[in-house]
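Asker: So the protein sequences, as listed, match chains H and G.
Residues 1174 to 1743, numbered by the working numbering, are exactly what the first sequence covers, in order.
Residues 3 to 129, numbered by the working numbering, are exactly what the second sequence covers, in order.
In this text, a Cβ means the ideal position worked out from N, Cα and C, and glycines have one as well.
Just passing along the structure, written as structure tokens.
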Amino acid sequence: MNSAFFLVLRRMRVPIIVVIVIYAISVFGLTLVPGIDAEGKAAPPLSFFHAFYFVSYTATTIGFGEIPTAFSDAQRMWVTISIYLTVVGWSYSIVTLIALLQDKGFQNTLTVNRFSRRVRQIKEPFYLVCCCGETGNLICETLDRTGHAFVVIEKDELRVQELDLQDFKTDTPALAADASNPDNLLLAGLKHPKCRAVLAVTNDEETNLAVAIAVRLLNPSLAVIARGRTPSVTANMASFGTDHIINPFARFAEHLALAVAAPERFRLIELLTALPETPLPEPHRPPRGQWILCGYGRFGHFLADHLRPAGIELSIIDPECDPEQLANSINGHGTEAHTLRQAGIERASGIIAGSDNDVNNLSIAVTAAELKPSLFVVARQNHNVNGPLFAAYGADFTMVPSRIVAQECIAILTTPLLAAFLNLLHDRDEAWSSALAGRLQALGSGLTPAVWGLKLNISEAQAAYRALMQGRRIALGEILRDGTDRSQPLPAVTLLLRREDQMILLPPDDFPLAPGDELLIASSLAAHRNLELTLHNPSELDYVLTGHELTGSWVSHWLAARRKTTGHRS
Amino acid sequence: MNLEKVIFGFFIVLAATLNFGFFIGDIDRPELHHIYELAAALVVSLIATALKFGDRTQIGAIHLSTSLVADLQLIAAAITWAVAVHITGEGMTPSVMSSVVSLSGGALFANIVSVIILIIETVMLRR
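Set out below in structure tokens:
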């Protein structure tokens, strides 16, 4: 039984005993006080049965009157006393009960009970998202849109309440609790058989580390994705076997360096890892040459490490750097024109406003663009709330940490094959990347495609798997047809096919499928649902492959099979 | 000394003694079994039950169940008595009296179990 029930019983002990005692006194009294009969002569007192009946309806203020006969004055006197006694007794119990319902501790117990019950009842695979800040919110929204279940633990109660107001398709259990406490993780389904992965994406690194460690010790088979910032903590996470550590600074620096070195390949990667069905990102073409880097903290270090090998000369502006020790550096914020001039803005082709202060970053970007309008401006946006400001300014490339972490989490979680595909991109030339990026952009009208994985096995593609096992030959192009009208091809690009250790990049339409094949497909979410139904439902699959409309019921299947066998015999 | 334990022990033993007082005597003779004793035993037994509400310990749970048994037996006895006197109009015939007293005898057994558990609990206590 749950603890809320015991808590109610425990708190109600005294009121219940008070009511019992008051009832007992009233009933005993009534059985002792003599009554009166119709002629005014003394009559025996009420029996226990009648006394209990009378007290029951009087105490609950129902009041039927004097039953079975009119009372004597002595009885009336006793009844007056017992009325006041019983009303006080009942009021006391009810007030205690109401106070208990409003009690913070009690309500907390109720919320925790409800949360853990809802988590226990989850039937589909789900993800455990720790923290629902800017990053967590983006992840939750995307998981919801792509139809994945998830559970949220968030420290801030207000955020959890906001989450209730958000219009999620799925019913999401959310708990306001500290994720670094292992008990809360267990409540949220850490040992649930359907839990797929844990995402530790809080802003606090120590919490992420605690979550990663707790998961590793309590349920080692689960995948953990953690957000890290400083090298020491990321190293600690790695030593605990955290599956993926996402450092938004390092990731953005890699992206920017790639955008300089191989813009077309970067464009392709950007399309593939973008959050599904969001507006297409602007193409970025950062120039080579000399750049100015404002802010030389952790983010600045990562950028310098990645951009210098890509062939970019950097001059650094930072309020805390020492020009004596660091070559090519200037002490200052970069928000003033003279510092920028000193850093050589006339010769520069790009500037990075990368401090941890959003207002300063905007100020740097605006000042620099005024001094030299042709400059390529990269701005770092630290907080989601400042999104409208950065959008209004329109830097050439804006870096939003929460978005980078969210994108990477979604890409890792929903499509394990994507990493393999991205690895294969390294030895492809720019023309190839450009062609594929063009095909991907054409898939959705102005929206990024969803990239998703599919395995031709019994659980993910039942009908197709059965058909393949029965020796039917199905080519890849044959299943990529619209399930409502098979003359229309499904707008989808098959990026990769994995058969055991073999990887086939962009398999052609006439490629024959085999059971157990893993596919990586880019398409709209609607096309995703369409194809899933085709591969799951035998009659849909039959229609898509042959054009025959099969009735779905079991009886008609059986009749059809019978007709076939008797036909063979005759 | 724990005041809660004193109060609970008091009510458990009082329920048993009151019930014993009602139970003792020839089973079919109404003049040997006073109705007030039955009522007192019922009230005290109800209080003893309420005292164990929300106790999550193993022994507390067994106390709760035995005193619930005693309550049910005593309520059944009281209803039997009320039906015989007020509803069927049969009055306290020897057969009705025997069933009331035997029901209270069942409750007495549950009370004795409670008392035994109480004694065991006390003996196991080492402080």
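1. Is it true that the CB of H/Ala1385 sits closer than 8 Å to the CB of H/Ala1396?
2. For H/Ser1743, name the three-state secondary structure that DSSP assigns.
3. The stretch 64 to 76 of chain G: which residues have C-beta closer than 7 Å to a C-beta of chain H, in chain order?
4. Helix, strand or coil for H/Thr1242, going by three-state DSSP, please let me know.
5. Looking only at its chain, what residues have a beta carbon closer than 6 Å to the beta carbon of H/Asp1210, apart from the 5 residues adjacent to it on each side?
6. Verify the CB distance criterion: does H/Phe1237 have a CB-CB separation below 8 Å to chain G?
7. How far does the beta strand (DSSP E) with H/Tyr1300 in it extend, from its first residue to its last?
8. Show which residues of chain H have a CB atom less than 9 Å away from the CB atom of G/His35.
9. Label H/Phe1178 either buried or exposed according to how many other C-beta atoms from any shown protein chain fall within 10 Å of its C-beta, with 16 as the threshold for buried.
10. Under 8 Å Cβ-Cβ, which residues of chain G neighbour H/Ile1190?
11. With distances taken Cα to Cα, identify the nearest neighbour of H/Leu1441 among H/Ala1608, H/His1556, H/Ala1434 and H/Ala1408.
12. For H/Glu1297, count the other beta carbons within 10 Å of its own beta carbon; 16 or more makes it buried, fewer makes it exposed. Which is it?
13. Starting from the Cα of H/Leu1627, find the closest Cα among H/Asp1682, H/Leu1704, H/Leu1562 and H/Gly1619 and give me that residue.
14. What residues in the stretch 1217 to 1241 of chain H bring their beta carbon closer than 8 Å to a beta carbon of chain G?
15. Helix, strand or coil: which one does DSSP assign to H/Ile1694?
16. Starting from G/Leu48, trace the alpha helix (DSSP H) in both directions and tell me its first and last residue.
17. Pull the bridge partners of H/Thr1345 from the DSSP assignment, please.
18. Given that a residue counts as buried once 16 or more other Cβ atoms are within 10 Å of its Cβ, and exposed if not, what is H/Asp1165?
19. If you measure from the beta carbon of H/Leu1180 to each beta carbon in chain G, is any gap under 8 Å?
20. Locate the beta strand (DSSP E) running through H/Met1572, then write down its first and last residues.
21. At the 8 Å Cβ level, is H/Ser1729 part of the contact set with chain G, yes or no?
22. Could you pull out every residue in the same chain whose Cβ sits closer than 6 Å to the Cβ of H/Leu1431, ignoring the five residues on either side in sequence?
23. If you compare alpha carbons, which of G/Ile122, G/Thr124, G/Val117 and G/Ala63 is closest to G/Phe13?
24. Give me, in chain order, the residues of the same chain whose beta-carbon lies closer than 7 Å to that of H/Leu1274; leave out the 5 immediate sequence neighbours on both sides.
25. Between H/Ala1177 and chain G, is the shortest Cβ-Cβ distance under 8 Å, so that the two count as touching?
26. Name the two residues that bound the continuous alpha helix (DSSP H) containing H/Ile1193.
27. Within 10 Å of its beta-carbon, does H/Ile1631 have 16 or more other beta-carbons around it, so buried, or fewer, so exposed?
28. Determine the DSSP secondary structure at H/Asp1351, reduced to helix, strand or coil.
29. At what residues does the beta strand (DSSP E) containing H/Asp1491 begin and finish?
30. What does the Cβ neighbour count give for H/Gln1580, buried or exposed, with the cut at 16 atoms within 10 Å?
31. Alpha helix (DSSP H) containing H/Cys1313: first to last residue?
32. Among residues of its own chain, excluding the 5 on either side of H/Ser1743, which ones have a beta-carbon nearer than 6 Å to its beta-carbon?
33. Of all the CB atoms in chain G, is at least one closer than 8 Å to the CB of H/Arg1249?
34. Distance, Cα to Cα, H/Leu1180 vs H/Gly1278?
35. So, for H/Leu1205: in the same chain, excluding its five sequence neighbours on each side, which residues have a beta-carbon less than 7 Å away from its beta-carbon?
36. Between G/Gly56 and chain H, is the shortest Cβ-Cβ distance under 8 Å, so that the two count as touching?
Answerer: According to the structure data:
1. Here residue 1396 of chain H is taken as the residue at index 223 of the first sequence, counted from 1. Here residue 1385 of chain H is taken as the residue at index 212 of the first sequence, counted from 1. No, they are not a contact pair.
2. As a first step, residue 1743 of chain H must be located in the first sequence, where it is residue number 570. With a pLDDT of only 42 at H/Ser1743, under the threshold of 50, the placement of this residue in the model should not be trusted; the figure read from the coordinates follows. In the displayed model, H/Ser1743 falls within coil according to three-state DSSP, outside both helix and strand.
3. So the list is empty, because no residue satisfies the distance condition.
4. As a working mapping, residue 1242 of chain H is identified with position 69 in the first sequence. Here H/Thr1242 sits in coil by DSSP.
5. As a working note, residue 1210 of chain H is residue 37 in the first sequence. Beyond the five residues adjoining it in sequence on each side, H/Asp1210 comes within less than 6 Å, by CB distance, of Ala1216 in the same chain, given in chain order.
6. Along the first sequence, read from residue 1 onward, the residue named residue 1237 of chain H stands at position 64. With 8 Å as the cut-off, H/Phe1237 does not count as an interface residue toward chain G.
7. The sequence position of residue 1300 of chain H within the first sequence is 127, counting from 1. Judged by DSSP secondary structure, H/Tyr1300 falls within the beta strand (DSSP E) whose first and last residues are Phe1299 to Cys1303.
8. Taking the first residue of the second sequence as 1, we reach residue 35 of chain G at position 33. By Cβ distance, chain H contributes nothing, its closest Cβ being about 14 Å from G/His35, past 9 Å.
9. Along the first sequence, read from residue 1 onward, the residue named residue 1178 of chain H stands at position 5. With fewer than 16 Cβ atoms within 10 Å of its Cβ, H/Phe1178 is classed as exposed.
10. For the purposes of this step, residue 1190 of chain H is identified with residue 17 of the first sequence, where counting begins at 1. Contact of H/Ile1190 with chain G by beta-carbon distance below 8 Å involves Ile49, Ala52 and Leu53.
11. The residue given as residue 1441 of chain H occupies position 268 in the first sequence. Minimum Cα distance to H/Leu1441 is reached at H/Ala1608.
12. Mapped onto the first sequence, residue 1297 of chain H falls at position 124. Flag for H/Glu1297 reads exposed.
13. Here residue 1627 of chain H refers to the residue found at position 454 when the first sequence is read from its first residue. Nearest to H/Leu1627 by C-alpha distance, out of H/Asp1682, H/Leu1704, H/Leu1562 and H/Gly1619, is H/Leu1704.
14. From the stretch 1217 to 1241 of chain H, only Ser1220, Phe1221, Phe1222 and His1223 have a Cβ closer than 8 Å to chain G.
15. Here residue 1694 of chain H is taken as the residue at index 521 of the first sequence, counted from 1. The DSSP-derived three-state label of H/Ile1694 is strand.
16. Counting from 1 along the second sequence, the entry for residue 48 of chain G is found at position 46. Run containing G/Leu48: Ile37 to Leu53, per the alpha helix (DSSP H) assignment.
17. Residue 1345 of chain H sits at position 172 when you count from the first residue of the first sequence. In DSSP, H/Thr1345 forms no bridge with anything.
18. Since the displayed chain H opens at 1174 and closes at 1743, residue 1165 of chain H lies outside it and no answer follows.
19. Counting from one through the first sequence, the residue named residue 1180 of chain H turns up at place 7. Yes - at least one Cβ of chain G is within 8 Å of the one on H/Leu1180.
20. For this step, residue 1572 of chain H is matched to residue 399 along the first sequence. That run of the beta strand (DSSP E) goes Phe1570 to Met1572.
21. Here residue 1729 of chain H is taken as the residue at index 556 of the first sequence, counted from 1. Not closer than 8 Å to any Cβ of chain G, the Cβ of H/Ser1729 fails to qualify, so no.
22. To locate residue 1431 of chain H, count along the first sequence from 1; it is residue 258. Around H/Leu1431: Phe1439.
23. On the second sequence, position 11 is the one that residue 13 of chain G refers to. Among G/Ile122, G/Thr124, G/Val117 and G/Ala63, the Cα nearest to that of G/Phe13 is on G/Val117.
24. Here the question's residue 1274 of chain H lines up with position 101 in the first sequence. Apart from the 5 residues on each side of it in sequence, H/Leu1274 has no Cβ closer than 7 Å to any other Cβ in its chain.
25. Looking up residue 1177 of chain H in the first sequence gives position 4. So no, H/Ala1177 is outside the interface.
26. In the first sequence, residue 1193 of chain H corresponds to position 20, counting from 1. If you look at H/Ile1193, you'll find it in the alpha helix (DSSP H) that goes Ser1176 to Leu1205.
27. One-based indexing of the first sequence puts residue 1631 of chain H at position 458. Exposed: under 16 other Cβ atoms inside 10 Å.
28. The residue you call residue 1351 of chain H lines up with position 178 of the first sequence. Three-state result, H/Asp1351: coil.
29. In the first sequence, counting from the first residue as 1, residue 1491 of chain H sits at position 318. H/Asp1491 -> beta strand (DSSP E) spans Ile1485 to Asp1491.
30. Here the question's residue 1580 of chain H lines up with position 407 in the first sequence. It is buried - the Cβ of H/Gln1580 has at least 16 other Cβ atoms within 10 Å.
31. For the purposes of this step, residue 1313 of chain H is taken as the residue at position 140 of the first sequence. That run of the alpha helix (DSSP H) goes Glu1307 to Arg1318.
32. Reading the first sequence from its first residue, position 570 is the one you call residue 1743 of chain H. With a pLDDT of only 42 at H/Ser1743, under 50, the local geometry of the prediction cannot be trusted, and the value read off the model is given with reservation. Once the five neighbours on either side are set aside, H/Ser1743 has no close Cβ partner at all.
33. Counting from one through the first sequence, the residue named residue 1249 of chain H turns up at place 76. No, H/Arg1249 does not count as interfacial toward chain G.
34. Here residue 1180 of chain H refers to the residue found at position 7 when the first sequence is read from its first residue. Here residue 1278 of chain H refers to the residue found at position 105 when the first sequence is read from its first residue. Cα to Cα, the separation comes out at about 10 Å.
35. By one-based count along the first sequence, residue 1205 of chain H stands at place 32. So the qualifying residues of the chain are Pro1218.
36. In the second sequence, the residue the question calls residue 56 of chain G occupies position 54. Cβ-Cβ to chain H under 8 Å: yes for G/Gly56.
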